[in-house]
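In our numbering, each residue's number is its place in the sequence shown (first place is 1) plus 15. Below is one structure, written out as structure tokens; comments come after it.
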Amino acid sequence: MNALRSDLARCLEFFGSERWRERKDAARDLLAAVREQPPAPDQLAILVEQLLDGLVTPDSVARRSVCHEVLTGIGPSVVPAIRRRLRVGGAGARMIVDLLGDVGGADDVPLLAAILGAPGDDNVRASAAAALGVLGGAEAERALANVLSDSSEMLRMFALDALARLGTVMPPARLGPLLADPVTRRAAVAVLGHSGDPAAASQLVRFLGDAMPGVRAAAAVAVVRLHATLSMRGDPVAVAAALAAGDGEPLRQRIRELVEHRQLEVKLAALALAGALGDVRSLSHVLRAMSDPELRERAVEFAAGLGAAAVPVLVDMVEQAAPETLGDLFLLVSGLGPAGAHPRLVEALTTALAGPDGHAACMAATALGKVGGIEVIAPLARALALEGPAGEAAAVAFAAVAGRALGSRHARVAPHLPADAGGGALVRNLCRAFGLLGRGGDVGFVGPLIARLGDRDVGVRLLAARALGQIGGEHEGAAALALALQDEDAGVRAAACRSLGQLGAAESVPALLTASRDSSSSVRAAAVQALVGLDNPIALARLREVVLADSAPAVVIQAIAGLSRSGTDQDLVMLMSLCRAPDHEIVKAAARGLAGCRGHRATAAVLGLLEHPRWDVRWAAAEALGERGDSTALPPLRRVHAVEPDPLVRKVLAGAVARIEAQAAERAASDGEGAPTA
Numbered sequence: 016m017n018a019l020r021s022d023l024a025r026c027l028e029f030f031g032s033e034r035w036r037e038r039k040d041a042a043r044d045l046l047a048a049v050r051e052q053p054p055a056p057d058q059l060a061i062l063v064e065q066l067l068d069g070l071v072t073p074d075s076v077a078r079r080s081v082c083h084e085v086l087t088g089i090g091p092s093v094v095p096a097i098r099r100r101l102r103v104g105g106a107g108a109r110m111i112v113d114l115l116g117d118v119g120g121a122d123d124v125p126l127l128a129a130i131l132g133a134p135g136d137d138n139v140r141a142s143a144a145a146a147l148g149v150l151g152g153a154e155a156e157r158a159l160a161n162v163l164s165d166s167s168e169m170l171r172m173f174a175l176d177a178l179a180r181l182g183t184v185m186p187p188a189r190l191g192p193l194l195a196d197p198v199t200r201r202a203a204v205a206v207l208g209h210s211g212d213p214a215a216a217s218q219l220v221r222f223l224g225d226a227m228p229g230v231r232a233a234a235a236v237a238v239v240r241l242h243a244t245l246s247m248r249g250d251p252v253a254v255a256a257a258l259a260a261g262d263g264e265p266l267r268q269r270i271r272e273l274v275e276h277r278q279l280e281v282k283l284a285a286l287a288l289a290g291a292l293g294d295v296r297s298l299s300h301v302l303r304a305m306s307d308p309e310l311r312e313r314a315v316e317f318a319a320g321l322g323a324a325a326v327p328v329l330v331d332m333v334e335q336a337a338p339e340t341l342g343d344l345f346l347l348v349s350g351l352g353p354a355g356a357h358p359r360l361v362e363a364l365t366t367a368l369a370g371p372d373g374h375a376a377c378m379a380a381t382a383l384g385k386v387g388g389i390e391v392i393a394p395l396a397r398a399l400a401l402e403g404p405a406g407e408a409a410a411v412a413f414a415a416v417a418g419r420a421l422g423s424r425h426a427r428v429a430p431h432l433p434a435d436a437g438g439g440a441l442v443r444n445l446c447r448a449f450g451l452l453g454r455g456g457d458v459g460f461v462g463p464l465i466a467r468l469g470d471r472d473v474g475v476r477l478l479a480a481r482a483l484g485q486i487g488g489e490h491e492g493a494a495a496l497a498l499a500l501q502d503e504d505a506g507v508r509a510a511a512c513r514s515l516g517q518l519g520a521a522e523s524v525p526a527l528l529t530a531s532r533d534s535s536s537s538v539r540a541a542a543v544q545a546l547v548g549l550d551n552p553i554a555l556a557r558l559r560e561v562v563l564a565d566s567a568p569a570v571v572i573q574a575i576a577g578l579s580r581s582g583t584d585q586d587l588v589m590l591m592s593l594c595r596a597p598d599h600e601i602v603k604a605a606a607r608g609l610a611g612c613r614g615h616r617a618t619a620a621v622l623g624l625l626e627h628p629r630w631d632v633r634w635a636a637a638e639a640l641g642e643r644g645d646s647t648a649l650p651p652l653r654r655v656h657a658v659e660p661d662p663l664v665r666k667v668l669a670g671a672v673a674r675i676e677a678q679a680a681e682r683a684a685s686d687g688e689g690a691p692t693a
């Protein structure tokens, strides 16, 4: 047998290192070598066999782990070797089955089903069950269902977990013995949640009171899933009725405890159940769980759903809250909207707004913007002088309250502003507030903002330029922004470009064309982006010049978006040539641009990117091909999907194939031909 290529062999030497970093670096380098310099078929076969040997090595967990990682990274091309090993048998079958679940496909289901159904090592069979739960399909579901009566409790549990992962619908009667068995109950409850049977609602609610915490957690998720299924079928009351028929306060308390569960899925399910029960006493548990950032948004929705009923509880919580919890507590208050305008809550918010805790002040401002009326305009106006996030939040809140209470009119807002604007944070935050208020269409805010374009503070000038872009309609702000393109600060010039693009004023094209030659690449990028947004044909020549001559990829990428709209053969050829650019971000932008171009030549250019060494370029190419809908791309897409090593790119490739097939089917149904289009 030939020796393995030296660069690949060197990487393998470090797979058994005691140092985690050396192992990770070796895995990364090996995968990079395989992708950038693909080994010959015989070399790939040697490499895969050595990796599989390392995977089943009994004396090194670290080596097994890194071999699994690399084999997964290489992708479907390792599958034939895996199949051979499983058919021959030998040591390490469980690890090899686990690997097949990660890199295999639908064609591997029969082999895994045979392993699952054959007598032998229950650990190997359990791994086969888990792999079938990943690969899925009707045959996988049948094989898993067939072992639910197996004598091995572990195997039954793994099969149920796999069926739950697949969302398999099973009759509740079939699950009866498995629900009765403490070992399989948790997994069986999860499967029951997919049943779509209204009669299962009361059964699942009872499992919320099970003695085992894992069962209670699974039941919470299952109840919510069942409710979603039934609601889609027009039966939103079955689960609500089962919850209402539960054992009252004990049920509520168990759900409150689940709100603080370690798993996010369980937390969110418990939060939904608490909301369905209108349980205001859950708020204290929700507050403690808000350290999880993914729960925070749902927590606000939960408070909003409770409405005015939550106010007395939140008032009590404010009275007793530890200082470090005030920010999260105020976030809950913000969910109440106008219903939260209780005097005690407003007092707590305004006190925190002026307090020393910057985070609490920021959240207090946010809440006041949601719940407050005209009575909170004065404290919010004072808070505009605060530096940092608190002052910025006060600006947003001031604009929101003034918009509701004063109608977003400058003449009505002005009397409530501080008498001496001075400078610094106050003026910067006034610019922020004026931009938001100006969205209502009152050009009265334009004049004060134009005046600030000449401020000594560069931050004020930048924010004034941004704010002017938010005030729609024709006004003198466009001319002032064109002059601001001469500002000494590049950030201000870039902001002026973006605002001119937002205003859509055709007369700003000459100024933006000049700005597209600015010495700062950020200004050039903003100017080109604005020109593209204006969609003025006068700018096309300059966009082509940018693509050919600008040295900054960020500027070129913006110009590419404009060329993709022109529909000219000249620009199509230019975009196709950019697929060979040395900068990968430009290549991705070219792929996105070609997504909207007509002609099979564009398809061919994007197809070529599926061989690019970078996964993100291949991803962008697959997405672009899916958008194009050119059915001539289907055969090469299917071929590439079969050998693509990156699992995320494989997923996008599969989506592109499905999308093009669906579009082809629609065309066939409409015209009876299904002819490919470009």
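Just so it is clear, CB atoms sit at the ideal spot from N, CA and C, and this is done for glycine as well.
Local conformation of residue i per DSSP, three classes
i, result
"Gln678", "helix"
"Cys26", "helix"
"Asn138", "helix"
"Glu64", "helix"
"Leu59", "helix"
"Met185", "coil"
"Leu19", "coil"
"Thr244", "helix"
"Asp123", "helix"
"His431", "helix"
"Asp250", "coil"
"Glu275", "coil"
"Glu156", "helix"
"Asp550", "coil"
"Asp6", "With the chain represented from 16 up to 693, any question about residue 6 goes unanswered, as that position is not in the structure."
"Gly151", "coil"
"Thr365", "helix"
"Arg102", "helix"
"Val198", "coil"
"Ser685", "helix"
"Arg34", "coil"
Close Cβ partners of residue i (< 7 Å) along its chain, the five nearest in sequence each way excluded
i, result
"His656", "Arg665, Leu668, Ala669 and Val672"
"Phe30", "Arg38, Ala41, Gly69, Arg78, Val81 and Cys82"
"Leu441", "Leu399, Ala400 and Pro433"
"Ile553", "Val524"
"Val561", "Ser531, Val543, Val570, Val571 and Ala574"
"Leu344", "Leu302, Met332, Val333 and Ala336"
Residue environment, residue i, which counts as buried when at least 16 other CB atoms sit within 10 Å
i, result
"Asp68", "exposed"
"Asp686", "exposed"
"Trp634", "buried"
"Pro73", "exposed"
"Met378", "buried"
"Asp122", "exposed"
"Ser592", "exposed"
"Thr752", "The shown model of the chain, from 16 to 693, leaves out residue 752, and the question about it has no answer."
"Leu498", "exposed"
"Ile4", "Outside the displayed range of the chain (16 to 693) lies residue 4, so it cannot be described from this structure."
"Met247", "exposed"
"Glu407", "buried"
Cβ neighbours of residue i in the same chain (closer than 6 Å, five flanking residues each side left out)
i, result
"Leu451", "Ala414"
"Glu642", "Ala610"
"Ala540", "Ala569, Val570 and Gln573"
"Ser217", "Ala257"
"Ala637", "Val667, Leu668 and Ala671"
"Pro651", "Leu622"
"Ala289", "Ile270 and Ser297"
Contact test: residue i Cβ vs the ligand COA heavy atom, cutoff 8 Å
i, result
"Ala671", "In the structure shown, the ligand COA is absent, as is every other ligand, since no ligand is present at all."
Sequence-distant residues of the same chain with beta carbon closer than 8 Å to residue i, five excluded per side
i, result
"Gln678", "Gly644 and Ser646"
Checklist entry - Which full runs of the alpha helix (DSSP H) of 4+ residues lie inside the region 277–352, going along the chain? => result 279–291, 298–304, 308–321, 326–335 and 341–349
Checklist entry - At what residue ranges does the region 556–587 contain a whole run of the beta strand (DSSP E), taking only runs of 3 or more? => result Restricted to the region 556–587, not a single beta strand (DSSP E) segment is unbroken, complete and at least 3 residues in length.
Item to check | Segments assigned alpha helix (DSSP H), at least 4 residues, entirely inside the region 455–538 | outcome: Look at the region 455–538 and you find these whole runs of alpha helix (DSSP H), each 4 residues long or longer: 461–467, 473–483, 492–499, 505–518 and 524–530.
Checklist entry - Is there contact here, the region 478–493 with the region 511–531, by at least three beta-carbon pairs under 8 Å? => result yes
Next on the checklist: Can you confirm whether the region 45–54 touches the region 22–29 when touching is taken to mean that 3 or more C-beta pairs between the two stretches lie within less than 8 Å?
Outcome noted: yes
Next on the checklist: Can you confirm whether the region 256–272 touches the region 305–314 when touching is taken to mean that 3 or more C-beta pairs between the two stretches lie within less than 8 Å?
Outcome noted: Taking a contact to require three or more Cβ pairs closer than 8 Å, the region 305–314 and the region 256–272 do not qualify as touching.
Next on the checklist: Between the region 92–100 and the region 130–142, can you find at least three pairs of beta-carbon atoms closer than 8 Å?
Outcome noted: no
Checklist entry - Below 8 Å, can you find three or more Cβ-Cβ pairs linking the region 467–479 to the region 420–432? => result no
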